[in-house]
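J.:
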Amino acid sequence: MITSVIPVFLAKYFGTKQAEVNKEQKKQQDLYTLFMTESIHGLQDIKNYSSQKFFIQKFKNILNTVFIHVKKSTIIGMQSSAASFFTNFTINISLFAIVGLTVLVGKNTVGTITAALMYSQKFRGLVSFCAETYKSIIVSFVSVERLKTIFDERQKHSSVLQQEKDNSKIKKLQIKNLSFSYNKNKNVFTNLNAEFFFPGLYLIKGENGSGKTTLLNIIAENINTAEKSSIRGKIIFSNLEPKPSYVSQTPFIFSESIEENICFGKLKNKTEMEKVLVKTKLNRIIASLPGGINTKLGSGDYILSQGQMQRLALSRCLLQKSEIILFDEIENALDTETSIALTEILSELKTDKLILMITHKNNYDKIADKIFYIK
């Protein structure tokens, strides 16, 4: 009776504890998977805004939480195995002792050896379980190094980018004889030359496939020269910091609060943020939400419209304080109100920023300092 009741009790007790931990562990693993998916998708924006440290730390925090639950699950499993082993051992020893007392001459050598081997095997199984769990945790740390490697790969500087400083104090971005081709035989553009003076608004226009986005990606160092591509020429940042802000058609939004998505790992300055939110008119949207600026974004939470996403991306960009801002056809996803707001923002920004903006429209021709055509 005892031999059947105790194992059932232990199974129920440890099974309940294991189920609770596994439920939370699964939730944390889902967050881990979501974060990895979003981070890899947003590597370009993460790199552009120099937010690698923030996202690596966030990754480590999530991974640490996963490990805590894995540890709890492992301990419960070990406790369950140890309790089961101890119970079986105690019961079997007790039975063996009782049987032994009934034997006047204890020369049951084969039975003794069999029992010894049986318990030796159980003990080895427990040790092996612990070792495998420890090994799994060590292997998981490889993910941290893998993420760091991906970030580092994205940080590789193209040899065509140069920074020059002189006493003239004239700030400008120079493109000299720039050529780029994919697979070393498909030319995107050849011997491109241009000068963009700071401050100012320059519109970049051209046919589809002429290389407009490629040009911005080269300036922002988003072209991985380790891939099968060929790039020649020079891009010179004269008395400018070579760290432009980049706003694309599909800005990176990760599963966190609106505030975290705007700050993007930077120190929070509420005064500056409020000014920027008013300027981009994102403050109205935030005010309408129950959670305000702490509203969490992402699947299962609040989902921004395309126009709202662009307002958020603009807010993020303006908080970075970069000297150079790159816009890649962002007006395609803007609603009428945001489009009008963008015109006002560009008119103001062009007085103290160098802005390169890809566009097919004529909305901004009147406020532009120059229009550059790529053929």
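For the sequence shown, UniProt numbering begins at 1 and goes up steadily by one. All C-beta atoms in this analysis are idealised placements derived from N, C-alpha and C, irrespective of residue type, glycine included.
Drop a sphere of 10 angstroms on the beta-carbon of isoleucine 325, count the other beta-carbons inside from all chains shown, and report buried for 16 or more, exposed for fewer.
T.: buried
J.: On the three-state DSSP scale, how would you describe glutamine 79?
T.: helix
J.: Can you tell me where the alpha helix (DSSP H) holding alanine 194 begins and where it ends?
T.: First-last for alanine 194: 186 to 197, but that is the beta strand (DSSP E), not the alpha helix (DSSP H).
J.: Do three or more CB pairs link the region 350 to 363 to the region 287 to 296 at distances below 8 Å?
T.: no
J.: When the distance is taken between beta carbons, is leucine 297 closer than 8 Å to glutamate 331?
T.: Taking 8 Å as the cut-off, the Cβ atoms of glutamate 331 and leucine 297 do not count as close.
J.: Given residue 379, which residues of its chain have a CB within under 6 Å of its CB, disregarding the five upstream and five downstream residues?
T.: Because the chain in this structure spans residues 1 to 375, residue 379 falls outside the shown range and cannot be described.
J.: Roughly how many whole angstroms lie between the Cα atoms of lysine 212 and leucine 192?
T.: 11 Å
J.: What are the boundary residues of the alpha helix (DSSP H) that leucine 277 is part of?
T.: 270 to 280
J.: Between lysine 361 and the rest of its own chain, which residues show a CB-CB distance below 8 Å, the 5 nearest in sequence each way excluded?
T.: Excluding sequence neighbours, lysine 361 sits near Glu331.
J.: Go through its chain and collect everything with a Cβ distance to asparagine 48's Cβ below 6 Å, but skip five positions before and after it.
T.: Ala220, Tyr246
J.: Just verifying my parser: in three-state terms, what is the DSSP assignment at asparagine 183?
T.: Coil, per DSSP.
J.: Beta-carbon within less than 8 Å of isoleucine 223's beta-carbon, same chain only, minus the 5 sequence neighbours each way: which residues are those?
T.: Ser158, Phe180, Thr214, Asn217, Ser229, Ile231
J.: Do glutamine 320 and lysine 234 come within 8 Å of each other at the CB atom, strictly closer than that value?
T.: no
J.: Compute the Euclidean distance between the alpha carbons of valine 160 and phenylalanine 189, then round it to the nearest angstrom.
T.: 15 Å
J.: With DSSP as the reference, label glutamine 44 as helix, strand or coil.
T.: helix
J.: What three-state label does DSSP hand lysine 72 in the structure shown?
T.: helix
J.: Taking 8 Å as the cut-off, decide whether the C-beta atoms of tyrosine 32 and valine 66 are in contact.
T.: yes
J.: Three or more beta-carbon pairs under 8 Å between the region 255 to 270 and the region 192 to 211, yes or no?
T.: no
J.: What does the alpha-carbon distance come out to for the pair glutamate 344 and proline 242?
T.: 26 Å
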